[in-house]
Structures are given as structure tokens and as C-alpha cells.
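Numbering-wise, the sequence shown is residues 206 to 460 according to my numbering.
Cβ coordinates follow ideal geometry from the N, Cα and C atoms, glycine included.
Remarks on the structure that follows.
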Amino acid sequence: MSAQAKLARMWKPRLFGAAPATPTLPAGVRIYAIGDIHGRADLLDQVFSRIDADLARYPIAHPLQIFLGDYIDRGSHSADVVTKLIDRARHHKVVCLKGNHEIYVLEFLRNPPILRSWGQYGGLSTLLSYGLAPSFSPTPEEEDELARELARVLPKSHSHFFSSLPVSFACGDYFFAHAGIRPGAPLARQSEEDLLWIREEFLSCEESFEKVIVHGHTPVMEPEVRRNRINVDTGAYATGRLSCVRLEGDQISFI
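In C-alpha cells, the structure reads:
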């Protein structure tokens, strides 16, 4: 069996519930949506290679790469991930959405004590990736010094990246957000908190939404394709598997 065939088997999605009404994208548009990266620059490079190979084999007029947030924390190469995404956007049409982890970087510069919360989500790994040396349990004085050091070393391009991330994106019959949406609320009126943090109310909802929601935030062992949503967070940091769903016309596949 070829390596490509093995990869196809590995990334076969699980289907749940009744078949959905077929969502579609406009003609000539193909979307690659990528799940939570969490500092795994090595896996991001692999996804870039798979996308580039797919585009070379199957060219299309309007390819779009959508990254669903949580680029930093936990993994050891958060700064490299941000640099790679910025560079990718120079040569490709890219949308990088905000994840709940992206909240903390700029907030830490304004409010150093937030490190006590951020650290529980893997924030110390992000500081290490920028060349800082936080202790396992920083004191208030260390928090202040780390914030000053981060402000000094954080590239302007990274600061702009973190400050300009949108919280959602829509195309055709799909709506993209990091965590999901609040059931019962129109897509146009979703709160940022829900788009970045929601879990159970969204995940347990079996009703149709205005569009099919493509999201990450909640790790699963395999990508999930449900009637009303697609989850592409396969826990890259812990599993070594960074998922990428390929949407074109009425077709859903994984590369």
C-alpha cells in the first residue's frame, strides 16, 4: 500500500447521524480548513506540503486555506508556527481565525498576572518559544519582567497577527469558527466568547444551523463529519495528527 493510500485511510472521517442536506461551495472555490496546531510547526509543514501537492495535481481558480485558531501554547514551537502562517499568507489566500489561546499573548502584555491562567493552558511553552526563560511558577515580579521581555522580543508582525485575527468566516454553505456557535442565535449575532470557547451546548446540538459549522477546539481521535458540523481538531500536540478537511463543490474529504 502506498504512503498516500495509508494516509487516506488514516484520515477517513467518521460519519454521525442522518445524512445532511448537501452543503456546497461556489464553483471554482476550494477550501482547506486546518485544525488546532498548538505549537507543532513540524506538523504544519507537513500540512503545507499536502496542500501544495493537492493544488499541483488538481489546480483550481480560488483555493483558500482557513486555519481555525489555537496556533500557540503546549507545543514547543509556537513562535515558529506564527512565523510560518505569516509567510504562508504572502503567497497564498489564507484566513487565520482567532482561537481562545490567542487571547492571552497581547492580554499578558497589558495584564501580567493573567499568566497564572495562561500558564495552565500551556502559555509557558509559548514564552519559551520566544526565547524567554520563565520559571515553572513565576512570582508576580517575574510575571512583570516576563511581560516586559515579551514586549521587547515580540516581532511587530506577530503583534499585528495576534491583534487582527477575525473570529469567524463564512463561504457558501459553511461557517468557520474556532469553537462553534451558540445554538438558537443567528450566525450574524454570535458572541466572540461563544465562537472561541463554547463546547457542550454546541457539541450536543443535533438541530440544523444556518450553515454547516467547521470548527476545532474540542479534540477528537478522528475528524468528525456530522449533519450540522465538522470537527477537525485531532489533538495535534498530543497525537501528532494535524487534520485538514478539503471542501469543494458538494464534496468533503481529508488530506
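- With contacts defined by Cβ atoms closer than 8 Å, LEU230 and TYR379 form a contacting pair.
- DSSP places PHE313 in the uninterrupted alpha helix (DSSP H) bounded by 308–315.
- For PRO317, the closest C-alpha among the options ARG353, VAL450, ALA284 is that of ARG353.
- Here DSSP, grouped into helix, strand and coil, assigns PRO268 to strand.
- When secondary structure is reduced to three states using DSSP, TYR276 falls in the coil class, being assigned neither helix nor strand.
- With respect to the 8 Å criterion, CYS449 and ILE239 are classified as neighbours on the basis of their beta carbons.
- With fewer than 16 other beta carbons inside 10 angstroms of its own, ILE265 counts as exposed.
- In this structure, the beta-carbon distance from ASN433 to GLU412 falls below 8 Å.
- The count of Cβ pairs closer than 8 Å, one atom from the stretch 362–372 and one from the stretch 296–311, reaches three, so the stretches are in contact.
- Of the other Cβ atoms in all chains shown, 16 or more fall within 10 Å of the Cβ of SER373; this residue is therefore buried.
- Boundaries of the alpha helix (DSSP H) around HIS365: 361–368.
- Across the structure, LYS298 and PHE341 are spaced so that their CA atoms are roughly 39 Å apart.
- Pairing PHE459 with PRO428, the inter-Cα distance amounts to about 9 Å.
- In the same chain as LYS416, and ignoring 5 residues on each side of it, the C-beta atoms closer than 6 Å to its own belong to ASP378, TYR379, PHE380, in chain order.
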